[in-house]
Amino acid sequence: MEMFIQRAPGAEGDFWIGLRRKQGYKESGAADCSSQYYWLDHSQATYRNWQLNKPSCGTGQCVALYYNLRAPASLFKWSDFGCKSKNNFICKYAEEISVVPTPVLNSTARSVSFSDEAINVSYILLATVPALLLIILAGSGVLCYRVMTR
Numbered sequence: 001m002e003m004f005i006q007r008a009p010g011a012e013g014d015f016w017i018g019l020r021r022k023q024g025y026k027e028s029g030a031a032d033c034s035s036q037y038y039w040l041d042h043s044q045a046t047y048r049n050w051q052l053n054k055p056s057c058g059t060g061q062c063v064a065l066y067y068n069l070r071a072p073a074s075l076f077k078w079s080d081f082g083c084k085s086k087n088n089f090i091c092k093y094a095e096e097i098s099v100v101p102t103p104v105l106n107s108t109a110r111s112v113s114f115s116d117e118a119i120n121v122s123y124i125l126l127a128t129v130p131a132l133l134l135i136i137l138a139g140s141g142v143l144c145y146r147v148m149t150r
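What follows is the structure in structure tokens.
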């Protein structure tokens, strides 16, 4: 996690790490407070990396990792904050494996042949021939009218 943050451009400040104190916890001692934290997947937190005098066990129920190059003593240490504080965040998830589908040749697929193209051309001609005949007929009618009216 530390290497990830160090390589991230402009990554400075606090990072939520997904650790939280149990709801309704009543403080009964500093040692007891530290054991009340769990990961958001509900597993018990066994590793600890608290800053000095942390957790405070006050109002802060969520945990953030501190990353500020000007304060190397606290670098990558944890502190408890109010959960509504705005911080960067780090999420852990399983790596997604992308599957590239291999093309399958379909034996029932029909390829376009020359005869198919000829059929398409004939459909176009069949649609335009009547239109052309109508234009010729109208033109000859106009011509006949002019000849007859002279």
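Per UniProt numbering, residue 1 is the first one in the sequence shown, and the count goes up by one each step. Ideal placement from N, C-alpha and C gives every residue a C-beta, glycine not left out.
- Secondary-structure assignment with DSSP links S98 through no beta bridge to anything.
- Apart from the 5 residues on each side of it in sequence, M148 has no Cβ closer than 8 Å to any other Cβ in its chain.
- Contact fails between the segment 70-77 and the segment 86-103, because fewer than three Cβ pairs, one in each stretch, are under 8 Å apart.
- In the three-state reduction of the DSSP assignment, L52 falls in the coil class.
- With a threshold of 16 other beta carbon atoms within 10 Å, A64 meets it and is buried.
- One alpha carbon belongs to A131, the other to C144, and they sit about 20 Å apart.
- The beta-carbon distance between Y67 and G13, rounded to whole angstroms, is 7 Å. This is short enough to meet the 8 Å contact definition.
- No residue range can be given for L75, since it is assigned to no beta strand (DSSP E) and is classified by DSSP as neither H nor E.
- Take N87, set aside five residues on each side of it, and the residues of its chain with a beta-carbon closer than 8 Å to its own are G13, D14, F15, W16, A64, F81, in chain order.
- If you ignore the 5 residues before and after K77, its C-beta comes within less than 7 Å of the C-beta of N49, W50, Q51, Y66, all in its own chain and listed in chain order.
- Here K84 is exposed, its C-beta having fewer than 16 other C-beta atoms within 10 Å.
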